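Here's the structure, in structure tokens; my notes come after.
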Amino acid sequence: MSREIKTGQVAARCVRPAAFLTQYLAEMVGALLIQGAVNLFVVLVGFLCFGRYMTIPSASALPAFALCLILAVMLRLMMIDVFSLLCFFTTGYLGISWTRAALFDFFSGAMIPVALFPGWLKAIACCTPFPYMLQAPVAVLLGQDTLVGLPAVYGLQTVWILIFLGLHGLIYGLARRNLTIAGG
Amino acid sequence: MINAQNLRKVYKINVKKSGLKGALGNLFHSEWMEKVAVGDLSFQMKEGSALACIGENGAGKSTLIKMMIGILTPTAGQIRVFGKDPRKAGHGYLRRIGVVFGQKTNLWTDIPVIESYQAVKTLYKLEEKVFRRNYDRVVELLSLQPLLSVPARKLSLGQRMRADIGMVFLHSPELLFLDEPTIGLDINVKHTIRTFLRQMNQETGTGIFLTSHDLDDIDEICDDAIVLSGGRLIYDGGLEQLKHRFVQDKMIQVVGKQEGDIHSRLPLAKIGAEGRVTKIVYPVREYSSAEVLAAVSACFAIEDITIEEPDIDEVVSRIFAGEGTA
Chain A
-7 MSREIKTGQV AARCVRPAAF LTQYLAEMVG ALLIQGAVNL FVVLVGFLCF
43 GRYMTIPSAS ALPAFALCLI LAVMLRLMMI DVFSLLCFFT TGYLGISWTR
93 AALFDFFSGA MIPVALFPGW LKAIACCTPF PYMLQAPVAV LLGQDTLVGL
143 PAVYGLQTVW ILIFLGLHGL IYGLARRNLT IAGG
Chain B
1044 MINAQNLRKV YKINVKKSGL KGALGNLFHS EWMEKVAVGD LSFQMKEGSA
1094 LACIGENGAG KSTLIKMMIG ILTPTAGQIR VFGKDPRKAG HGYLRRIGVV
1144 FGQKTNLWTD IPVIESYQAV KTLYKLEEKV FRRNYDRVVE LLSLQPLLSV
1194 PARKLSLGQR MRADIGMVFL HSPELLFLDE PTIGLDINVK HTIRTFLRQM
1244 NQETGTGIFL TSHDLDDIDE ICDDAIVLSG GRLIYDGGLE QLKHRFVQDK
1294 MIQVVGKQEG DIHSRLPLAK IGAEGRVTKI VYPVREYSSA EVLAAVSACF
1344 AIEDITIEEP DIDEVVSRIF AGEGTA
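These protein sequence lines are chains A and B, in that order.
When you line the first sequence up against the working numbering, it's residues -7 to 176, in that order.
When you line the second sequence up against the working numbering, it's residues 1044 to 1369, in that order.
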């Protein structure tokens, strides 16, 4: 979407009779379902080949994991959406994109599991939305420590989604009011 | 259908200084300048008509379209489309209009064209019967059948634009905004698109607001025109009247034997003969077409006669050269 904003292609979204956010989420969920099916296939093949060396999640963890995963995906999409909208106010999108990727990779546990962070850094990470996008669903699936407890994970995921929803409304409203599209 | 009153759009543009020193300075101190894209513009467009917006680059044509579709907020003045402010009319308004940007696509680029068309059906909540009727019509008239299974990103520019134009008619828009729809296309595709748009305008009564640098587009699709220069309106009226207002000479080409002295009848005309073909270029302010035809009839054994209509290219070049804009 950042690229669409910079090239002006975003205008096509603005003239469709559906909310900007709905369009974005529908497109992303559609893409993720296809990508998820491919990934699931790869994981199943991995399990068939190397399952005896891996931790098999317990079936009882799956319902809690499913809910946590859905909230995590929604949270991640909302976070990407809000960072992308910032491109309405900048001249480039690479800086914003790299900043978002760096924050996510570090604080979500994608590079180093959050459980291995020193206490103070773990506390900082828990105050950000990033662990609830990756570390939390993985921990729920594998029955590991979720850092804040499962009900709090759900609660924090929901709160962060609402915060990003609010930010979306604010930034999108500002962008529409002050939009400059010169040169066609 | 469209009513604009004293419409004005001013952009604030950040003035960047050059060089490393300038770039560092820009971090701490920004200078802004104002650019008037559209200045106090008033015009109306009738229901079902085809109106061309003519203007050089930077005249404010695209800005005007974006205000009319509700993307940009006017700095001052007001605009009403179907009696409502496009900014506040919401999705109901967007369902009544269609928009084509020549330099952008409304298709979803990664999926086949037919999937984009199906998405439009869902998005606009179209009944199967309506969708099927419109779909069959655009596929036939724009020869889209071979393109339907191809993802938009793999289409050539001409194919993509045909698919884009087809898509915008699926929801039976009452008013269409076309921003340079034939830019970069070859002559065959341009002809297909112009013929299709004209046909849809006449058969379905779809209103067309067109901006284009291709004056043949304007000539073939539109009846009326507004001319913008530097964001201001310098003409609002019929296309034919526009041509006649700015054209100084017309030409008649006669095939046949000359039997009388045409010079004496039309002393201010320039006359050149080549074999049996005589070209007469006459000033329209001095002679009416009837006078010229009477003179030609008296002086030639006419086998064939062609009256060349004023060319819109010539008209626009005269307008922007500042001739006859009073």
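Note that the Cβ used here is the ideal one computed from N, Cα and C, for glycine as well.
Because the structure is a prediction, the values reported are computed rather than measured.
Anticipated Cβ contact below 8 Å, residue i with residue j, distance rounded
i                       : j                       : result
residue 1200 of chain B : residue 1228 of chain B : 6 Å
residue 1323 of chain B : residue 1309 of chain B : 7 Å
residue 1293 of chain B : residue 1325 of chain B : 6 Å
residue 29 of chain A   : residue 133 of chain A  : At roughly 18 Å, the Cβ-Cβ gap does not stay under 8 Å, so residue 29 of chain A and residue 133 of chain A are not in contact.
residue 1122 of chain B : residue 1110 of chain B : 6 Å
residue 1211 of chain B : residue 1270 of chain B : Not a contact, Cβ separation roughly 25 Å.
residue 1150 of chain B : residue 1214 of chain B : Residue 1150 of chain B to residue 1214 of chain B, Cβ: 14 Å. No contact.
residue 1243 of chain B : residue 1124 of chain B : So it is not a contact: roughly 19 Å between Cβ atoms.
residue 146 of chain A  : residue 77 of chain A   : That pair is no contact at about 26 Å.
residue 1290 of chain B : residue 1327 of chain B : 7 Å
residue 1182 of chain B : residue 1286 of chain B : Not confirmed; about 36 Å, so no contact.
Contacts around residue i, its chain only, beta-carbon distance under 6 Å, and the 5 residues preceding and following it disregarded
i                       : result
residue 75 of chain A   : 88 and 92
residue 149 of chain A  : 63, 67 and 124
residue 1348 of chain B : 1297
residue -7 of chain A   : 76
Residue i - DSSP class collapsed to helix/strand/coil
i                       : result
residue 1088 of chain B : strand
residue 1386 of chain B : Because residue 1386 of chain B is not part of the residues shown, which for chain B are 1044 to 1369, the question remains open.
residue 1182 of chain B : helix
residue 116 of chain A  : helix
residue 69 of chain A   : helix
residue 1348 of chain B : strand
residue 1076 of chain B : strand
residue 1048 of chain B : strand
residue 1321 of chain B : strand
residue 1268 of chain B : strand
residue 1054 of chain B : strand
residue 1237 of chain B : helix
residue 140 of chain A  : coil
residue 35 of chain A   : helix
Below-7 Å beta-carbon distance, residue i vs any chain B residue
i                      : result
residue 174 of chain A : Low confidence applies to residue 174 of chain A: its pLDDT is 45, below 50, so where it sits in the model is not reliable enough to give any reading.
residue 78 of chain A  : no
Residues near residue i in its chain [Cβ-Cβ closer than 8 Å; skip 5 each side]
i                       : result
residue 1281 of chain B : 1266, 1267 and 1268
residue 1056 of chain B : 1075, 1076, 1077 and 1078
residue 48 of chain A   : 39
Below-7 Å beta-carbon distance, residue i vs any chain A residue
i                       : result
residue 1368 of chain B : Legend: pLDDT at residue 1368 of chain B = 47, less than 50; position of this residue unreliable, value from coordinates given subsequently. Cβ-Cβ to chain A under 7 Å: no for residue 1368 of chain B.
Sequence-distant residues of its chain with Cβ nearer than 7 Å to residue i (five each side left out)
i                      : result
residue 50 of chain A  : 135
residue 106 of chain A : 114, 117, 123, 127 and 139
Residue i beta carbon near the ligand ATP (any heavy atom closer than 6 Å)
i                       : result
residue 1231 of chain B : Absence of the ligand ATP is noted for the structure shown, with no ligands found whatsoever.
Name the residues in the stretch 1115 to 1137 of chain B whose C-beta lies less than 7 Å from a C-beta of chain C; which are they? This model lacks chain C altogether; the protein chains it does include are A and B.
Residues of the stretch -7 to 14 of chain A with a CB closer than 7 Å to any CB of chain B: list them in chain order, please. 0, 1, 3, 4, 6, 7, 8, 9 and 10
With 8 Å as the limit, tell me which residues of the stretch 1139 to 1172 of chain B have their beta carbon closer than that to any beta carbon of chain A; keep them in chain order. 1140, 1142, 1144, 1146, 1147, 1148, 1149, 1151, 1166 and 1167
In the stretch 1079 to 1113 of chain B, which residues sit with their C-beta less than 9 Å from some C-beta in chain A, listed in chain order? 1080, 1100, 1101, 1104, 1105, 1106, 1109, 1112 and 1113
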